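J.:
There are 2 protein chains.
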Amino acid sequence: MKTLIVYAHPEPDSLNGSLKDLAVSTLEGAGHEVRVSDLYAMNWKAAVDAADYGPDASSPLKVALDSGRAFESGRLTPDVRAEQEKLLWADTIVFQFPLWWYTMPAILKGWVDRVFTYRFAYGVGVHDETRYGERFGEGTLAGRKALLSVTVGGPASHYEARGINGPIDDLLFPVHHGILYYPGIESLPPFVLYGSDRMTPERYEEAAEAWRERLLTLDSTDPIPYRRQNFGDYELPSLHLRPGLEPKGRTGFALHLRDA
Amino acid sequence: MKTLIVYAHPEPDSLNGSLKDLAVSTLEGAGHEVRVSDLYAMNWKAAVDAADYGPDASSPLKVALDSGRAFESGRLTPDVRAEQEKLLWADTIVFQFPLWWYTMPAILKGWVDRVFTYRFAYGVGVHDETRYGERFGEGTLAGRKALLSVTVGGPASHYEARGINGPIDDLLFPVHHGILYYPGIESLPPFVLYGSDRMTPERYEEAAEAWRERLLTLDSTDPIPYRRQNFGDYELPSLHLRPGLEPKGRTGFALHLRDA
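Protein chains in written order, with the numbering used here: chain A, 1196 to 1455; chain B, 1196 to 1455.
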C-alpha cells in the first residue's frame, strides 16, 4: 500500500500525535510506503484567496473557475500541487484529527478547500441527460480508500442513535460522502476514539492495539457502501433517489447506502 | 436589534459580498445597530495553536484547558477577545458564507474554533446527576438568535429529502445545533440561495427581495425548536433522548426537534 496520512493537531505530544506516529510505524513495519502531511508543521494556509491562483485569478475572483484554470495551467501554488500529487500517488489516505465542534479543525477544512480544486476534485466529466459529471463514486480519485481516525472528547453514548449530539455516522457523512466520495474515494468505517478528554495509560494501550489492528486489516475491510451517482439509482436532473430503492422506513443520509 | 454579521468570502464583489452589504443597509435602514466581522478583510487566523493562549499555553499544549485558562485570565489574543465581546454585545448574529464542501469555509470554521473557547462556549455550568453543564439551550450566549445565510452552487433538488447531497437541514444541523445551540444561541430557519453558480440579474433581484424580507422579519420568526438538554427530555448520563418522545418513525438529527 501507498498511504498518505493527513494529520491535523497543533501538539506533537498529543493523543492525535501518538496515533499518527503509531500509524506510520505500524504501516512501515508491515512493509507499506507512507507519506505524512503534517498540516501544522507545514504551516498550512487554511483560507482560499486570490493568491492561490496567481495569474489565473480573475477580478472579481471566481473561486471555482479560477481554481480550475490554475489547475489546468499547472499554476496552482506549490503547496497545493504537492498535496494533489500525494493524493494521486496514494492508494490509501488516513486522516488523523480531533473532532472540534462536530467536524474537522479549520486547518484540515482549509486543506480540503484549497486542494480539492475545480477540474481536479469537482467539475470533472461530462454533464448530459444520463450523467451529472464524474462524482459520487467516479472522479479523479476513484480507486482510492480513505480512513478517518477521529478523537472525540465526549463519551460514545452521546453519539449513538438517540444521543444528543446526533449519530456519529451522520456527523461524518458530509466528510465521507460529501468530501471524499464526491471525487471518487471510498471510505472505510471510521476509527473513532471517544472519551479522549479522559484518557488513561490503560485506555490508551487498548486504543493503540485497536488502531494497530485496524491499520493492518485495511485491505480486508469493506468500505461504506454508498450508492454511485450515474448507475441508475438517481433520477436526472433532480438527483433524487429513485422511489422504493431503500429499505422501508429508512430516511436521511442513510438513504444513500446500498443495501447490505 | 444589535446585529453582528460574520462574513466569510474572499471577494467583496461577489454574491456573498452583495448579500452582506444588503444586510447592513437593510438593518441599518430599519434603525438597528450593525457590526460586521469581515473575516477575510481582518486576515482572520484560522488555525488554533499555542500562540492563541500566550503565557497560559501549557507544554504539551492542551487546547481545551489552556483556552479556558486564557479566557478566565483575560489573556486570549485581542482578535479573539474582540469577537467574544461582539457576541456578548449582539442579540442577533447573521452568518454569511458560501457552502464549500457541504459546510462553512475554513476561515469561518477557524473563527468558531478560536472564539468558542472553553469556559466561554463550552465547559460552562455544573455537571452533576441532574445537569450536564449549561449547553444545548443554556450557556453564555443564551437569549441570542442566529441566522445562517448560505449560498449553494447546486440546485435545490439535490438538497431535498431524497437529494444526493442529503437534506440541507441535516447538513446544517452540526452548525445550528452543534455549534450555535450548544452555547445557547437559537437559530432561525436558514436563508439558503441555491444555484449561485448560475445567478442572473433577474434571479439576484428576486433573491435580494427575499433576503430583505427575511431581515425585516427576524423578530417575528420562530427559531428551530431544538430540545433543551437539562429539562427532562434526555437521560443522564447517556444523554439519550428518552423513549417515545418523538413522533412515530422520526430518526436521526430530527429527533432533537420538539414537536410543533
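Even for Gly, the Cβ is constructed at its ideal location relative to N, Cα and C. Computed from a prediction, not measured in an experiment: that's the story for all the values here.
#1: Starting from the N-terminal side, write out each stretch of the beta strand (DSSP E) that is 3 residues or longer and does not extend beyond the region 1267–1305 of chain B.
#2: List, in chain order, every chain A residue whose beta-carbon is nearer than 7 angstroms to that of residue 1450 of chain B.
#3: Could you round the C-beta distance between residue 1347 of chain B and residue 1399 of chain B to whole angstroms and report it? I think they count as a contact, below 8 angstroms.
#4: Could you give the residue range of the beta strand (DSSP E) that holds residue 1341 of chain A?
#5: Output the boundary residues of the alpha helix (DSSP H) element that contains residue 1221 of chain B.
#6: Grab the span of the alpha helix (DSSP H) containing residue 1365 of chain A for me, first residue to last.
#7: So with Cβ pairs under 7 angstroms, would you call residue 1297 of chain A a contact of chain B?
#8: Using the rule of at least 16 other Cβ atoms within 10 Å of the residue's Cβ for burial, across every protein chain shown, is residue 1365 of chain B buried or exposed?
#9: I want to see whether chain B comes within less than 7 angstroms of residue 1322 of chain A, judged by CB atoms only; does it?
#10: Below 8 angstroms on the Cβ atoms is my guess for residue 1208 of chain A versus residue 1255 of chain B; work out the distance and round it to an integer in Å.
#11: Is the CB of residue 1447 of chain B under 7 angstroms away from at least one CB in chain A?
#12: Comparing the C-beta of residue 1304 of chain A with each C-beta of chain B, is any distance below 7 angstroms?
#13: Starting from residue 1202 of chain A, trace the beta strand (DSSP E) both ways and give me its first and last residue.
#14: Closest to residue 1309 of chain B by CA distance: which of B/1198, B/1358, B/1295, B/1266 is it?
#15: Where does residue 1372 of chain B fall in DSSP's three states?
#16: Compile a chain-ordered list of the residues in the region 1414–1439 of chain A whose CB is closer than 7 angstroms to at least one CB of chain B.
#17: Looking at the secondary structure, which residues open and close the alpha helix (DSSP H) in which residue 1397 of chain A lies?
#18: To the nearest angstrom, how far is the alpha carbon of residue 1301 of chain B from that of residue 1242 of chain A?
#19: Against chain A, with Cβ distances strictly below 7 angstroms, would residue 1385 of chain B count as a contact?
#20: How many Å lie between residue 1211 of chain B and residue 1445 of chain A at the Cα?
#21: What does the alpha-carbon distance come out to for the pair residue 1379 of chain B and residue 1252 of chain B?
#22: Determine the chain B residues that contact residue 1374 of chain A at a beta-carbon separation under 8 angstroms, and present them in chain order.
#23: Let's see if you can read the secondary structure: which residues bound the beta strand (DSSP E) around residue 1233 of chain A?
#24: Near residue 1201 of chain B, what residues of its chain come up, given a Cβ to Cβ distance below 6 angstroms and the 5 sequence neighbours on each side ignored?
#25: Which residues does DSSP pair with residue 1206 of chain A in a beta bridge?
#26: Output yes if chain B places a C-beta closer than 7 angstroms to the C-beta of residue 1405 of chain A; else output no.
#27: To which residues of the same chain is residue 1343 of chain B closer than 6 angstroms at the C-beta, ignoring the five residues directly before and after it?
#28: If the cut-off is 9 angstroms on Cβ atoms, which residues from the region 1336–1362 of chain B count as contacting chain A, listed in chain order?
#29: Alpha carbon to alpha carbon, how far is residue 1432 of chain A from residue 1397 of chain B? Give it in angstroms, no decimals.
#30: Under a three-way DSSP split, which group does residue 1382 of chain B fall into?
#31: Please say whether residue 1373 of chain A and residue 1429 of chain B have beta carbons closer to each other than 7 angstroms?
#32: Using a Cβ-Cβ cutoff of less than 6 angstroms, which residues in the same chain neighbour residue 1228 of chain B once the five nearest sequence positions on both sides are dropped?
#33: Indicate whether the contact test is met: 3 or more Cβ pairs, each with one atom in the region 1328–1336 of chain A and one in the region 1409–1416 of chain B, closer than 8 angstroms.
#34: Of the residues that make up the region 1208–1236 of chain A, which ones have a beta carbon closer than 9 angstroms to any beta carbon in chain B?
#35: Listing by chain order, which chain B residues have their CB less than 8 angstroms from the CB of residue 1334 of chain A?
#36: Please decide whether residue 1365 of chain B counts as near chain A, where near means a Cβ-Cβ distance under 7 angstroms.
T.: With the given structure in hand:
#1: 1287–1293
#2: To locate residue 1450 of chain B, count along the second sequence from 1; it is residue 255. In chain order: 1357.
#3: Position 152 of the second sequence holds residue 1347 of chain B. Position 204 of the second sequence holds residue 1399 of chain B. Incorrect: roughly 15 angstroms between the Cβ atoms, too far for contact.
#4: Counted from its first residue, the first sequence places residue 1341 of chain A at position 146. First-last of the beta strand (DSSP E) with residue 1341 of chain A: 1340–1346.
#5: To locate residue 1221 of chain B, count along the second sequence from 1; it is residue 26. Run containing residue 1221 of chain B: 1210–1224, per the alpha helix (DSSP H) assignment.
#6: On the first sequence, position 170 is the one that residue 1365 of chain A refers to. Start and end: 1363–1368.
#7: Against the first sequence, residue 1297 of chain A aligns to sequence position 102. At least one chain B Cβ lies under 7 angstroms of residue 1297 of chain A.
#8: The count along the second sequence starts at 1 and reaches residue 1365 of chain B at position 170. Buried: at least 16 other Cβ atoms inside 10 Å.
#9: As a first step, residue 1322 of chain A is located in the first sequence; it is residue number 127 there, counting from the start. Not closer than 7 angstroms to any Cβ of chain B, the Cβ of residue 1322 of chain A fails to qualify, so no.
#10: As a first step, residue 1208 of chain A must be located in the first sequence, where it is residue number 13. As a first step, residue 1255 of chain B must be located in the second sequence, where it is residue number 60. Yes, residue 1208 of chain A and residue 1255 of chain B are in contact; Cβ-Cβ is about 4 angstroms, under 8 angstroms.
#11: Within the second sequence, the letter at position 252 stands for residue 1447 of chain B. Chain A contact via Cβ: present.
#12: Taking the first residue of the first sequence as position 1, residue 1304 of chain A is located at position 109. Answer yes: the Cβ-Cβ gap between residue 1304 of chain A and chain B drops below 7 angstroms somewhere.
#13: Here residue 1202 of chain A refers to the residue found at position 7 of the first sequence. Its beta strand (DSSP E) spans residues 1197–1202.
#14: On the second sequence, position 114 is the one that residue 1309 of chain B refers to. Nearest option by C-alpha distance: B/1266.
#15: Residue 1372 of chain B sits at position 177 when you count from the first residue of the second sequence. The answer is helix: DSSP assigns residue 1372 of chain B an H, G or I state.
#16: 1424, 1429, 1433, 1434, 1435, 1436
#17: Position 202 of the first sequence holds residue 1397 of chain A. Note, residue 1397 of chain A: alpha helix (DSSP H), 1396–1411.
#18: Translated into the one-based positions of the second sequence, residue 1301 of chain B becomes position 106. Translated into the one-based positions of the first sequence, residue 1242 of chain A becomes position 47. Spanning the two alpha carbons is a distance of roughly 6 angstroms.
#19: In the second sequence, counting from the first residue as 1, residue 1385 of chain B sits at position 190. Cβ-Cβ to chain A under 7 angstroms: no for residue 1385 of chain B.
#20: Mapped onto the second sequence, residue 1211 of chain B falls at position 16. Mapped onto the first sequence, residue 1445 of chain A falls at position 250. Whole-angstrom Cα-Cα distance: 36 angstroms.
#21: Along the second sequence, one-based indexing puts residue 1379 of chain B at 184. Along the second sequence, one-based indexing puts residue 1252 of chain B at 57. Each residue's Cα considered, the two are about 27 angstroms apart.
#22: As a working note, residue 1374 of chain A is residue 179 in the first sequence. The answer, in chain order, is 1296, 1297.
#23: The count along the first sequence starts at 1 and reaches residue 1233 of chain A at position 38. 1228–1233 is the extent of the beta strand (DSSP E) around residue 1233 of chain A.
#24: Within the second sequence, the letter at position 6 stands for residue 1201 of chain B. So the list reads 1232, 1290, once near-sequence residues are dropped.
#25: What you label residue 1206 of chain A is simply residue 11 of the first sequence in a count that begins at 1. DSSP lists no partner for residue 1206 of chain A.
#26: As a working note, residue 1405 of chain A is residue 210 in the first sequence. Not one chain B Cβ lies under 7 angstroms of residue 1405 of chain A.
#27: Your numbering for residue 1343 of chain B matches position 148 in the second sequence. Answer for residue 1343 of chain B: 1290, 1385, listed in chain order.
#28: 1348, 1349, 1350, 1352, 1353, 1355, 1356, 1357, 1358, 1359, 1360, 1361, 1362
#29: Here residue 1397 of chain B is taken as the residue at index 202 of the second sequence, counted from 1. Here residue 1432 of chain A is taken as the residue at index 237 of the first sequence, counted from 1. In a straight line, the C-alpha of residue 1397 of chain B is about 23 angstroms away from that of residue 1432 of chain A.
#30: Reading the second sequence from its first residue, position 187 is the one you call residue 1382 of chain B. Note: residue 1382 of chain B maps to strand in three-state DSSP.
#31: Position 234 of the second sequence, counting from 1, holds the residue named residue 1429 of chain B. Position 178 of the first sequence, counting from 1, holds the residue named residue 1373 of chain A. Result no, Cβ atoms of residue 1429 of chain B and residue 1373 of chain A do not sit closer than 7 angstroms.
#32: As a first step, residue 1228 of chain B is located in the second sequence; it is residue number 33 there, counting from the start. 1197.
#33: no
#34: 1208, 1209, 1212, 1234, 1235
#35: As a first step, residue 1334 of chain A must be located in the first sequence, where it is residue number 139. Here the premise fails: no neighbours, minimum Cβ distance about 14 angstroms.
#36: On the second sequence, residue 1365 of chain B is found 170 positions in, with the first residue counted as 1. Cβ-Cβ to chain A under 7 angstroms: yes for residue 1365 of chain B.
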